[in-house]
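Protein chains in written order, with the numbering used here: chain A, 1 to 113; chain B, 1001 to 1113; chain C, 2001 to 2113.
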Amino acid sequence: MNSLTLHPMKEIRIIIQGEHVKFATDLLDSVKATGYTIIHNISGKGTHGLHSAHPMFNEMDSLVMLMTIVPPDKVKPILAGLQPLFDRHTGVMFVSDVSVSRVDHFASPSGDR
Amino acid sequence: MNSLTLHPMKEIRIIIQGEHVKFATDLLDSVKATGYTIIHNISGKGTHGLHSAHPMFNEMDSLVMLMTIVPPDKVKPILAGLQPLFDRHTGVMFVSDVSVSRVDHFASPSGDR
Amino acid sequence: MNSLTLHPMKEIRIIIQGEHVKFATDLLDSVKATGYTIIHNISGKGTHGLHSAHPMFNEMDSLVMLMTIVPPDKVKPILAGLQPLFDRHTGVMFVSDVSVSRVDHFASPSGDR
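Right, here's the structure in full:
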């Protein structure tokens, strides 16, 4: 593989309360996402009355952003796996297109991509 | 709405000095962006002589990255609203495509999208 | 230039160990990237046996995310310049599409874009 080639992948960012990071990283392990980055020390806010009825983020929350890069076929399993968390707690998942160097780092050896 | 569906939206990131966060969040409130995330503890630098003539970021700046997800029609109002800030202070705004779970969290109930 | 126009550019994010930031910022200077943002206080993990054989990130690493916005023609030189670092150390580079306000801040005065 030419190490100077960039490979199209999907970037997933998950913003959740710090106490639920293990749930999310266990999920990433289970779908064989091969790594992740955590950005600490973020804060978030939901506005316009979402606080009380359908809270997204409370200003008091200790939030983290969990970021991972996966082949496209892993997006749906990760979203499905997060539903039990999103059904009961604040949080959101973003997906965007990204190209990466070192695709070998992101494709699980046991994956079927 | 199927909670497993991902919805195309726009991600806006605004990098500004910490002292101007309230200006930006007030703007997001006024256009009914329904939430945002702030990444603290970042640093930035502008190079190649931009410091003196047309500074982007000074190494001494305390910077924050304000991130929000909005329907596409809110991008222009936000950019326009930031112009008075950008005219006088350092800062920049990025826009990128993103898909989100829980689109109900990002679409203002009073919005016209 | 209309300051309300958004300009297509490339966002580059480089996740590396803190001790290698100067190597990367010197590279960005050499290709005349005109600024960058550093997100500190992140952590990363490589999983599924990658630690021992082909480590991406060790949990003990002090990582930083270096982010810059460049014209498309600067992506390849930056990736090529990082290869000596990636050959010997953990790290990865992501590229994504982004639109920016204030394109004058990102286009080097001496660049040939």
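We put the beta carbon where it would ideally sit given N, CA and C, even for glycine.
Secondary structure note for GLY2091/C: its beta strand (DSSP E) is the uninterrupted segment 2091-2100. For ARG1013/B, the pairing in a beta bridge is given by DSSP as MET1067/B and PHE1094/B.
For GLY2018/C, the CB contacts under 6 Å within the same chain, skipping 5 residues up- and downstream, are SER2062 and VAL2064 in chain order. Counting only the Cα atoms, THR68/A lies some 11 Å from MET93/A.
Secondary structure at SER62/A: coil, using DSSP grouped into helix, strand and coil. Taking a beta-carbon distance threshold of 9 Å, GLU2011/C counts as an interface residue toward chain B. The beta carbon of TYR2036/C lies closer than 7 Å to those of THR2025, LEU2028, LEU2066, MET2067 and THR2068 in the same chain, with the five residues before and after it left out.
Secondary structure note for ALA2024/C: its alpha helix (DSSP H) is the uninterrupted segment 2021-2030. Residues of chain C whose Cβ lies closer than 8 Å to the Cβ of VAL98/A are, in chain order, PHE2094, VAL2095 and SER2096. Here the C-alpha atom of ILE38/A lies approximately 14 Å from the C-alpha atom of HIS1040/B. Residue environment: THR1034/B is assigned as buried (16 or more neighbouring CB atoms within 10 Å of its CB, all protein chains considered). Contact of LEU1028/B with chain C by beta-carbon distance below 8 Å is absent, the smallest such distance being about 16 Å.
Excluding sequence positions up to five before and after VAL1031/B, its CB lies within less than 8 Å of the CB of VAL1070, LYS1074, PRO1077, ILE1078 and GLY1081, all in the same chain and listed in chain order. In this structure VAL98/A does not touch LEU1006/B by the C-beta definition: roughly 15 Å separates them, more than the 8 Å allowed. For GLY81/A, the enclosing alpha helix (DSSP H) stretches over residues 75-88. Out of ILE1015/B, LYS1022/B, VAL1021/B and GLY1044/B, the CA that lies nearest to the CA of VAL2021/C is found in GLY1044/B. Residue burial annotation: ARG1088/B is exposed, with fewer than 16 other C-beta atoms found within 10 angstroms of its C-beta. Chain A places a beta carbon closer than 9 Å to that of SER1101/B, counting this residue as a contact. Within the model, the alpha-carbon separation for SER1101/B versus PHE1086/B is close to 31 Å.
At a cut-off of 9 Å between C-beta atoms, ILE78/A does not count as an interface residue with respect to chain C.
By the CB criterion at 9 Å, ILE16/A and THR90/A fall inside the cutoff.
Counting only the Cα atoms, LYS1010/B lies some 6 Å from PRO1072/B. In the DSSP secondary-structure assignment, PRO2008/C is bridged to SER2099/C. Interface criterion not met: the Cβ of GLY18/A is under 9 Å from no Cβ in chain C.
Taking 9 Å as the CB threshold, LEU1004/B lines the interface with chain A. Excluding its 5 nearest sequence neighbours in each direction, PRO2008/C has C-beta neighbours in its own chain below 6 Å: SER2099, listed in chain order. For ILE2039/C, the residues of chain B that pass the 7 Å Cβ criterion are ILE1039 and ILE1042, in the order they occur in the chain. THR1037/B has GLY44/A and MET1067/B as its beta-bridge partners, per DSSP. A distance below 8 Å between beta-carbons, with the five flanking residues on each side excluded, links ILE1042/B to the following residues of its chain, in chain order: ILE1015, LEU1063, VAL1064 and MET1065.
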